[in-house]
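Have a look at the structure below, then the notes.
Chains as they are written, first to last, in the numbering used here: chain A, 1 to 203; chain B, 1 to 431.
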């Protein structure tokens, strides 16, 4: 009888372990949303521009919205909730952390919040980051972290449209820690590494 | 008792830490004093584009049009000095301070002090062996000619006579231009200036700035000096004419003009999808992952868009980026248009396998309009073939995979994504 129990327990343990392994193997890695709908969800999450009264600004913001969604700003500047990205906090930042030999960078808050976003930045300052990767303190963003060398190829008028759209976003207070030095990449041959999945902003 | 002990320990650590940090700061200060101050400014602000050696080959350089200046040749476009002579210090200081409009070079005016700008200019000059071999010969700029309808009309005649339209188009915006693709002396791509967009003129848009560009030429580019071909008065008339071509920028337009502008932009994109596609591939940053780089993040020579950068996504495996060139065997040459569009918008490869939702951001790309997608495909078809056989993605050993996923999903630890230098593909002979 004891022997039987022992065997039964062993079989049960094996079944549980294998079952858990299979569960881990088959569970979708990041998002429950099927990839096909993923893009649509991202595009729908971008606030519409229909509530802008001035027709010229509305048309320019619409162009900016197209550029912001197609160029995947949300890919890094998302804010994570408890269940993956919280798309209601559009572009409030914090979802991605890059570690490079030159420092650690967390995706910034792009909403026009006065304290924690781009609210106090002038249009020229925002455009300068998009054109030259150069921040108001004079530091130059690493082009493979924030892909400004790509956005530098936007025409000045497209860059203007992006800024008009960013100014139209809902301001969200979400403070992102400043870039930190140290934390060098330790894997041989690697040029940088990043961590996706956790919100690095301070609540 | 324990509290005081702990406090004492903290105090001890604090004192030691302060001493260490202070000592370190002292040591670095000594280093900075021994080096030229300009180098310190350069290393802090200029290396990302112009490279550590000043050859214009920083990590971001390969993606910028025009490319960042190679300081080692001592050639500069924006000068107020006679053709064939180097720029004056004021020219260089002005370019740093103001920035170069229409390029990635920002104005450093309020970001750096005057001393820092002066120091960095001296350092940049020292990077060229030719520096100081020839004196700068400043152009004696007269009073110029005030703009008037008559001057503008004469300027238009000079524009035709000097065949400016060959590159800039009869209307200044490229219409009817004979030459449409340009290279600088370093065989890097360039654009002819659109003369109706004065906010993109690298050296500024006043008649004086424009006069200087004719007069001294833009060294290293196909823009010659017209000092011998045109008279002083003609060059000023021409400058007035170019100023008169300037159109309204979008930030000053009213609703009807904005509408008209975007309609025109769409029509232009439809008429020349390859050009539109090239612009999209540049602005979307496809090359940032789909070009292999060296340890300093410089694109390996001739490997733009040829794929092979290794991206490790823990615990999902190694994903070398695909070859996007038109090579039939290893690139997209054999893919149908629909297959290319499917991988861009849905992340489904030719064999039906799926990509993770990042770093290939097909979710965002799926919001591209059908016209823009067609344009991207049209452009990718024209990218010169580079044979680079990129291996398929590989999964890690099963228990490693399961353990990684366990860590990520149950323990909530962040899954790192690692980018590697080097080419994971097998480069064939160029065709």
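Glycine included, every Cβ here is placed at the ideal spot set by N, Cα and C.
Same chain only: Cβ atoms within 6 Å of residue i, ignoring 5 sequence neighbours per side
i	result
residue 225(B)	83, 216 and 217
residue 147(B)	240
residue 34(B)	Caution is warranted here: a pLDDT of 34 is assigned to residue 34(B), below 50, making its placement in the model unreliable, and no coordinate value can be reported.
residue 42(A)	74
residue 408(B)	415
residue 128(A)	134
residue 36(B)	123
residue 99(B)	105, 106 and 107
residue 197(B)	none
Sequence-distant residues of its chain with Cβ nearer than 8 Å to residue i (five each side left out)
i	result
residue 288(B)	63
residue 180(A)	103 and 104
residue 182(B)	167, 189, 190, 191, 192, 221 and 222
residue 45(A)	74, 87, 88 and 90
residue 88(B)	79, 80, 81, 136 and 138
residue 121(B)	38, 89, 92, 93 and 96
residue 50(A)	58
Nearest residue (CA-CA) to residue i, options the options
i	options	result
residue 414(B)	406(B), 420(B) and 421(B)	406(B)
residue 98(A)	92(A), 77(A) and 57(A)	77(A)
residue 53(B)	277(B), 129(B), 202(B) and 117(B)	129(B)
residue 378(B)	355(B), 321(B), 147(B) and 281(B)	281(B)
residue 88(A)	47(A), 15(A) and 133(A)	47(A)
residue 375(B)	324(B), 336(B), 258(B) and 271(B)	271(B)
residue 138(A)	161(B), 106(B), 157(B) and 137(B)	106(B)
residue 61(B)	318(B), 293(B) and 308(B)	293(B)
residue 51(B)	187(B), 251(B), 70(B) and 212(B)	70(B)
residue 341(B)	277(B), 358(B), 359(B) and 309(B)	277(B)
residue 391(B)	360(B), 366(B), 427(B) and 369(B)	427(B)
residue 386(B)	366(B), 360(B) and 324(B)	324(B)
residue 187(B)	65(B), 269(B), 298(B) and 164(B)	65(B)
residue 154(A)	63(A), 136(A), 2(A) and 8(A)	63(A)
residue 201(A)	39(A), 117(A), 54(A) and 157(A)	117(A)
residue 305(B)	258(B), 316(B) and 291(B)	291(B)
residue 251(B)	19(A), 26(A), 124(A) and 194(A)	124(A)
Residue i classed as buried or exposed, judged by whether at least 16 other C-beta atoms fall within 10 angstroms
i	result
residue 108(B)	buried
residue 382(B)	exposed
residue 279(B)	buried
residue 119(B)	buried
residue 5(A)	exposed
residue 322(B)	buried
residue 327(B)	buried
residue 178(A)	exposed
residue 264(B)	exposed
residue 8(A)	exposed
residue 150(A)	buried
residue 199(B)	exposed
residue 18(A)	exposed
residue 210(B)	buried
residue 395(B)	exposed
residue 172(B)	buried
residue 106(A)	buried
Residues near residue i in its chain [Cβ-Cβ closer than 7 Å; skip 5 each side]
i	result
residue 100(A)	142, 145, 185 and 192
residue 199(A)	79, 80, 94 and 95
residue 120(A)	114
residue 117(B)	93, 96, 97 and 108
residue 52(A)	58, 61 and 168
residue 131(B)	74 and 125
heavy atom of the ligand MG below 7 Å from residue i C-beta
i	result
residue 306(B)	Ligands are entirely absent from the displayed structure, and the ligand MG is therefore not among its contents.
Cβ-Cβ distance between residue i and residue j below 8 Å
i	j	result
residue 235(B)	residue 261(B)	no
residue 61(A)	residue 164(A)	yes
residue 145(B)	residue 72(B)	no
residue 424(B)	residue 295(B)	no
residue 190(A)	residue 47(B)	no
residue 72(A)	residue 95(B)	no
residue 230(B)	residue 179(B)	no
residue 21(A)	residue 356(B)	no
residue 131(A)	residue 267(B)	no
residue 362(B)	residue 352(B)	no
residue 153(B)	residue 56(A)	no
residue 69(A)	residue 367(B)	yes
residue 309(B)	residue 320(B)	yes
Ranges of the alpha helix (DSSP H) found wholly within the stretch 38-87 of chain A, counting only runs of at least 4: List check, alpha helix (DSSP H) in window: 55-70 and 74-77.
So within the stretch 298-365 of chain B, which uninterrupted beta strand (DSSP E) runs reach at least 3 residues, ignoring any that extend past its ends? With a minimum length of 3 residues, the continuous beta strand (DSSP E) runs that stay inside the stretch 298-365 of chain B are 310-313 and 317-320.
Curious, which full-length alpha helix (DSSP H) runs of at least 4 residues does the stretch 134-205 of chain B contain? Listed in chain order, they are 149-161 and 165-168.
What are the uninterrupted segments assigned as alpha helix (DSSP H) that are 4 or more residues long and contained completely in the stretch 52-139 of chain B, given in chain order? Runs found: 89-98 and 114-126.
Identify every run of the beta strand (DSSP E) within the stretch 200-265 of chain B, keeping only runs that are complete inside it and at least 3 residues long; order them along the chain. Those beta strand (DSSP E) runs which fall completely within the stretch 200-265 of chain B and span 3+ residues do not exist here.
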